[in-house]
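Here's the structure we're looking at; comments come further down.
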Amino acid sequence: MKTRNDGTTLNGFLDRGSHFQGELTFEETFRIDGRFEGKIRSGAELILGDSADVDAEIEVGRLSVDGKHQANVKATERIELLSKARVYGTLAAPLLKVEEGAFFQGTCQMADKPKVLEMGKKG
135 MKTRNDGTTL
145 NGFLDRGSHF
155 QGELTFEETF
165 RIDGRFEGKI
175 RSGAELILGD
185 SADVDAEIEV
195 GRLSVDGKHQ
205 ANVKATERIE
215 LLSKARVYGT
225 LAAPLLKVEE
235 GAFFQGTCQM
245 ADKPKVLEMG
255 KKG
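The sequence shown runs contiguously to residue 257 in my numbering.
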């Protein structure tokens, strides 16, 4: 395992020139810079680097895209489209961040974050 600059652990990596087809599950953080087709599920963070070419249904906690992604995404925390992102599909998350230069064609569904009851209060 490799620790990133921000202190999180990178569990796995699919590098440029690599192609994988199937289902992916992981813990912590996973980065894709190659080609991936299939399904991706995790409660953690997925990073699609600037050379990523991904055609996959994605369900994760957090998603950061700087490459190409086609298909639907559900994120429980946030989706971030960086400046080189090219995204086609439906995005569903409580928070969406889009940098200048990113391309997005599809639909976006946003819902409020789940309400948390304060301790000691009846509600």
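All residues carry an ideal CB built from backbone N, CA and C; glycine is no exception.
C-alpha of V207 to C-alpha of F164: approximately 16 Å in a straight line. When rounded, the separation of the alpha-carbon atoms in K202 and Q239 is 12 Å.
In this chain, the beta strand (DSSP E) harbouring S198 covers 187-199. With a minimum length of 3 residues, the unbroken runs of beta strand (DSSP E) contained wholly in the stretch 147-174 fall at 153-159, 163-166. Your pair L215 and V188 does not check out as a contact, with CB atoms roughly 13 Å apart and the cut at 8 Å. With 16 or more other Cβ atoms inside 10 Å of its own Cβ, F170 counts as buried. Comparing alpha carbon positions, the residue from R175, D184, A186, A205 closest to G195 is R175. With respect to the 8 Å criterion, T224 and T210 are not classified as neighbours on the basis of their beta carbons.
Secondary structure of A209 (DSSP, three-state): strand. Per DSSP, the beta-bridge partners of L230 are I213. Within the same chain, M135, F160, E161, E162, T163, F164 come within 7 Å of N145 by CB-CB distance, once the 5 residues on both sides are set aside. Inter-residue distance for R150 and G183 is about 9 Å (C-alpha atoms, whole angstroms).
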